[in-house]
Every structure is written in structure tokens, then in C-alpha cells.
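The structure appears right after this line, and notes come after that.
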Amino acid sequence: MIRAHILCLLLASAALAQGQDKPPPIHPDVAAFAEAHRRVQTLRATVKTRYFGDRDVSVTLTFARPGRSRLEVKGEHASLRVRRGDRSLSVNPRENQYYRRDGEANPSGWTGFSDPATSILTLLEPGPQDRDLLEHGWLPRLRSLGTETVDGQPLVHLRGWAQSARLDLWYSPTDGLLRRFALSDADGAPFANGTIAIEALNQPVPAATFDLRPPRGMLAPEMEAWREVRSFPPLGPALARLTGRPRTDDLRQMAGIYHDSGQSALAVLLLCQAARLEPTPARYQEALQAALEQGALLSVTRLYNDAMRRFGERFIRGQDTLLLQLMGAPQVPPELHTLLKSQLRTAGAWEARLSLARLALQRGAAREALDLFLGAVPEGEPEAELRRRVDALGEQSDFLAPLARAITPVDRPRLAAALRRLDAYVAPEALSPWIDCYASLDQPDTALQLFERTEPDQLDYSVLSRLGDRLLAAGRRPDAERVLRQALAAVVTDEWISYQMVGQLLVSPGARTLLAPVLRQLAEADRPRDPYQAGHWLFLAGDWPAAMQAYRDFLERTAGGPEAASAALRCASACLGVEAAAQAGDEAQRQWFIGVAADELPFVCAEQPGSSWQAFSFLSRWLPQIRDPALRARVEERLIDAVPDLRLQRVPWGGGPEIGLPQAQPPVVAPGAPPSPEEQARVKQILSSLLRRGLLEEVIVSPCVAAGLTEE
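Structure, rendered in C-alpha cells:
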């Protein structure tokens, strides 16, 4: 039962939602555009979109108020979506399937023009949640560039942001409806544009247009699966049938159906019974595989022992993969593990020895792993066999460097000698683990030789970082600088700079020390034209005061203003500024950046629907650290106003005891005591925001329970 004071809050919130703060101001041309779409009673139009470098898409859009729509995609990627109230039908002709959904009374359809036709439908009839996104986050950032003549027609030109891309819209001043749109990057390079041809406006639409009956011959996957399951007896009679010696094929067919329907435990039971009714190695292997996938280790052990009694060595011949899967399964009984290992060894397959070596290293048995690996690559093998060994290692070669670090110095020459027999046959793009291994074996010359065989951008940059560290520790600074600078040059000269790769290159302290001067030079070169990118170089160099200033310069310049930069870019710059200011120990700057990030959050939610989680996670984590009460209240208000449902949830912060940070945001109301006046005000604000979006019924009950707002 909900406490009395919570009931009061609910009632107060209903009134509060009516008297909420007004949305930010909207340009008159933008307001006319939004209002014209909301006045439309019916519409039929064709939306054509050209994606540069991809394909053209044509969609026939039909709309009728209230709550009826039809989107029919033509051509190779044909599909159909029909909605009538809270019921919908989706048809996929390519797969001859359809899906029905009932009860979606308030679906969110705003996609930020990643799906233009769906976004247009949302402009025509937004639900409470979409209306809030549009009025508080998207429409206020649209600006008017005046009236232009396009293909002989006067059109009003609006410009804003969507999905971090520049969005241009052109609408007719006659009826206010959209006629053209274009998406481009910040430099104006286009990657999509489209047209909207109005075919009928405010004309009657036949009721059959919104028929929810699927086309004849179409299949509903869920219904078909359920129909198949129901053709077999329910669980009790099905188990009883197992003693009636049914045909093995029947059991296996039943197992497949029950598995597809989520009844995996019964599927394993049926396959085990099928194996015992028709005892062949293939049947036992099939049952073992199913039991392994479900973690049914008791069945695994019994099946394996039974199979070995029945078939002996014949059962495991050629089944190295299955045996290795059995060995790698969690909580395998020790006696079975020992048996499997001995059988794999006696099988003599070098592929099995390589896999066993990896498993041994995972258990901490480094010497055993080394012996197994050396046994798989003996001396005197011909070139063709050595190539096969290298191919077999494949992705497993990433265990070589951990093996090199785990074995004793006495054993390292043995491993190095074996690797030298193989490394000539390794493809250039697969050299990273080999370079890492030689560096771990304190053989930098061989590691450098492999580095010279390929281009840096084909390698794992964290491996090159460790190589640079090893070279620096060995007193070979010029070699370390050469490796690291070549790798950095490969990144910064690419058309799309991967800061993740640069970060990997800086994972070791020595690499950061060597590259910091280069990163500062890059920052100085970029600062006049792009202080945002300059901030990245300084951030990566660990020059926190300079990085902080670069991000602030960006946000305060025209290039970083709302007209020239997306909300996502401004929010990211502010979040990076927060971290740089924290590292620099400048609390005043840190508070300023937090305020900017909070102010951008509603616009991020509208420009990139569904992507606000990360910004929210940062802001909610910083909230308790804000000293200024006015700023803390402002940030709390922005969080609640933008994403009230997240404010109620236990959003993970990525913390933990090992780094001294909480793992998730605390409950809105501390459990175990009546809410404080501050907590009551916060709950009232959250409820108001939820009511405004029509989300209250979906999310209020369980968070209230979790936050301690209900009786036990």
C-alpha cells in the first residue's frame, strides 16, 4: 500500500504537470512548421530518401488522425508497418513473415530523422513523450534561414541537428508541410537527402488502408512456434511418453521444437533419451553438445561415461573439438577433466595440444602449457606442416604473450626458439600477439623485425605501447620513439582519427612520456581552427590545464555554439572538460563544465534519441560532488526534466571498491526513513516529468518499491 505522503505527491504532481515551466522559445518560422503538421487531419505522401554510397528508399506514408498510420517501403527492401491506436502490424515480404503488437498505447516514434518517414509521422501526431522531446529539445535548436527558391518553389529553410549530423529542412509556406530534407556532416558534406511529395491532404482515407489483417500466406513466427509446441503433449504427458519407446526421430523433433520455444531443459532430456534408445556415437555427441550448452554438467558426465563404456576409443576419434569444449566447461568434475586431458594427449593431434596448452595456462599451469605447446611444434617439421601449425594457432595465438610472461626466465629461450620456427609464416595482419610475445621474452630485436614486416595500422596499438615501454626500459629510446611515432602518424594522417587507437598507444607510462611532446605539437597546430580536437590531444597527453582551457575555448567560440555544433558534441566537450578540470584541481572550472553538460542534456535526448544514457550517467555521478546548492539544484532539474525514468533507476556508474567510486546512483529516496523535504521535492519533480510524458504508469511502481516508498 502506498504511503499517504506519496499519494499527496501524486495528486500534487498532476497539478504541477499542468503548470510546468514553459519550453524554451521557438523561432516563429519553426513554430509555424510544427503547428502546421499538428493541424493535418489526413495525409498521403511519398517520401524518397537517397543515402549517398548506399541505396535509395521510397516510402508511401498514409496518416489519419487519431492514431492511424501506414508506412509501405517499396523496392528491394520492401516492408509494411500499419498502426491503429495501440495495435500494430509489421510485414516482412522477403521472409514471408508478419508480427503483431497490441497494447502499445504510447510508443515513441521520434528517430531524429535516422528514419525520415517515421520522424515525419511523429511530427504529425507526437505522443506525450515525443511532444516533450520536440518542444524542449529539438524545435528550440532549429533556426530559420529565411525563404529560398528551390526548383521554382518558394520554401522556408530551417537548419538544426539530428544524430550529430547537420539537418536542413525546407517546408512550403503555403501549407507549412515538409518538402525536402538533407543530412550532412559539420563541414557540409552530404550523406543523405530526400523529398516529400504530397499526394492528398485532408482528404478521406478508406478504412481498409489501416487494416491489421496480415496478407494471405504470411507466417507469424511466434504463432507458428506455439502451434508446433501445442501439437505435442504438455510437459507431464511428454515425459510419460519417454518410457513408451517412441521413435528416436520423434524425440529429436520434439527436442528441437521445445528448444526453439524456450524449453531447453526438456530438449536436453529428450536428446539424452534419444541417444540411449538409438545408441550411436553421433546421437551421444548430439546430446552431449545440447547438455553442454545448457550447463547440465550431471548429464554431461553421465553421457560421456556411458558413451565411453559403449564405444571406447571409437567415440572420441576425431572429436577433439567436443572434448575441448567439455574440458573448458565450468565446474567440470576433476576426475572427468583428468580423463579428458589424458584422452586428448593420447589422441596425439597437435591441434588438441595447442588447445590444451591454452586451457592449462588458464588454470595457472604455465610449465604444463609450455610443454604442450612445444610438443605441438616439434623441431624438424617441413614447411607445409609449420604453415598448418600457424594457421591452427589463428586467434588462439593471443595466449602466447601471457605464456611468455608466466614462464620462468630459464624456460624463455625454449619458447623463443619454437616461435622463431613459426613466425616467418605469420600473416602481417596477425603479427600483434607475436610481437607482444617477443617483447615479453625480452627479445626486442626480433619484435622490431616483425614490426617492420607490416604497417602500424594493422597492429594492436596496446601491443606497440608495451613494446615501446620495453625498448625504453632497455635503454633504446630512439627505437621506442620510432615505433610509437610511426604508429601515431598512421592514426593522425587517416581521414577519420581514431582516438581509441591513440589511447591504446598510450596505455603504458613510457609511451605517454615519449609521445606527450608530439601530442602537444598536434594541439598547437589544431588550436586555431579546431580547439575541440586540440583539447583531445592535450587530454591524451595528460596536460590537464591546457586541455581544460581548449574545451572551454571551443564551447565559448562560435564554432562550439549551438548553431555550429551539435548538442552531443557540446555535451561531450563539457564532460571531457569536467574530467580535465578535476585532474587539474580547478574546482571552479569543473563546476562550470558540469553546468554546461547539464544544460545540453535535453537537446542531446532530442537530437540522438536513446543515446542520452552515457551523459546522464556522468552527470548523476557528479551530482553529489557539486558544492554550490544552486548549481546542484539546476543539474538535478535538468536530469529529471530530460530523462526522469533514468533518474528513478539504478543506473550503473562503472565504479567499484577497487577504484573508490560507487557502482550506481543511489535511490532517489533513502530507504528506511520518511522522505526529507528535499527528497519530497525531488520525487514531486520526477512524477511531474513522468506525467508530462505519459510514462507514469510504466515506471512508477517498481522504482517506488525499490526506493522504499511503499510499505513492506
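Just so you know, we're using numbering that gives the first Met the number 0 here: the sequence shown kicks off at 0 and counts up by one. Glycine included, every Cβ here is placed at the ideal spot set by N, Cα and C. All figures in this text were calculated on a predicted structure; none of them were measured in a lab.
Checklist entry - Distance, Cα to Cα, Asn201 vs His36? => result 12 Å
Item to check | Own chain partners of Pro623 with C-beta closer than 7 Å, once the 5 adjacent residues on each side are dropped | outcome: none
Item to check | Simplified DSSP state of Leu353, which is helix, strand or coil | outcome: If DSSP states are grouped into helix, strand and coil, Leu353 belongs with the helices.
Item to check | Simplified DSSP state of Thr445, which is helix, strand or coil | outcome: helix
Checklist entry - Residue range of the beta strand (DSSP E) that Pro153 falls in? => result 152 to 161
Checklist entry - For Phe112, does the three-state DSSP call read helix, strand or coil? => result coil
Next on the checklist: With a threshold of 6 Å on Cβ separation, who are the neighbours of Leu238 within its own chain once the five nearest residues in sequence on each side are excluded?
Outcome noted: Residue placement at Leu238 is poorly supported in this model, since its pLDDT is 45, which falls under 50; the coordinates still yield a value, given next. Same-chain partners within the cutoff: there are none.
Item to check | Unbroken stretches of the alpha helix (DSSP H), 4 residues or longer, contained in the segment 526 to 583 | outcome: Counting whole runs of 4 or more residues, the segment 526 to 583 contains the alpha helix (DSSP H) stretches 530 to 540, 543 to 555, 566 to 583.
Item to check | C-beta contact flag for Gly719 and Lys47 at 7 Å | outcome: The first residue shown for the chain is 0 and the last is 711, placing residue 719 beyond what the model contains.
Checklist entry - If we ignore side chains and look at the alpha-carbon of each, how far apart do Ala629 and Glu636 end up? => result 11 Å
Next on the checklist: For His156 and Leu144, which I take to be in contact (beta-carbon distance under 8 Å), what is that distance rounded to the nearest angstrom?
Outcome noted: 4 Å
Checklist entry - Among Ala400, Val389, Ala545, Ser610, which one has its Cα closest to the Cα of Pro427? => result Val389
Checklist entry - Taking the DSSP output, what are the residues bridged to Gly193? => result Thr48, Phe180
Item to check | Cβ distance (whole Å) where Phe209 is taken to contact Gln162 below 8 Å | outcome: About 29 Å; that fails the 8 Å criterion.
Item to check | Contacts around Glu480, its chain only, beta-carbon distance under 6 Å, and the 5 residues preceding and following it disregarded | outcome: Answer for Glu480: Leu513, listed in chain order.
Item to check | Supposed close pair Ala405, Ala359 - CB separation, criterion 8 Å | outcome: Actually they are not in contact, since the Cβ atoms of Ala405 and Ala359 sit about 10 Å apart, beyond 8 Å.
Checklist entry - Which value, in whole angstroms, describes the spacing of the CA atoms of Pro544 and Ala558? => result 21 Å
Item to check | One or two residues paired with Arg165 in a DSSP bridge | outcome: In the DSSP assignment, Arg165 is bridged to Trp160, Ser183.
Item to check | Three-state secondary structure (DSSP) of Arg626 | outcome: coil
Checklist entry - So, is His535 buried or exposed, given that buried needs 16 or more other C-beta atoms within 10 angstroms? => result Result: buried.
Next on the checklist: Mapping the DSSP letters down to three states, classify Ala510 as helix, strand or coil.
Outcome noted: helix
Checklist entry - With respect to 6 Å, is the separation between the Cβ of Thr173 and the closest non-hydrogen atom of the ligand COA below this value? => result For the ligand COA, the structure offers nothing, since it holds no ligand at all.
Item to check | Neighbour-count burial assignment, Ser431, 16 or more Cβ in a 10 Å radius | outcome: Flag for Ser431 reads buried.
Next on the checklist: Within a Cβ cutoff of 6 Å, which residues of the same chain sit near Ser68, ignoring the five residues on either side of it in sequence?
Outcome noted: Phe62, Arg82, Leu120
Checklist entry - Helix, strand or coil: how does DSSP classify Thr300 here? => result In this structure, Thr300 counts as helix in the three-state DSSP scheme.
Next on the checklist: Quick check on DSSP: helix, strand or coil for Ala680?
Outcome noted: helix
Checklist entry - Can you list the alpha helix (DSSP H) stretches of 4 or more residues lying completely in the segment 357 to 402, in chain order? => result 365 to 375, 382 to 392
Item to check | As assigned by DSSP and simplified to three states, the class of Ala188 | outcome: coil
Item to check | Straight-line gap, Asp716 to Asp85 (C-alpha atoms, nearest Å) | outcome: Beyond the ends of the chain as shown, which are 0 and 711, falls residue 716; an answer cannot be given.
Checklist entry - So, Arg179 versus Trp169, is the Cβ gap smaller than 7 Å? => result yes
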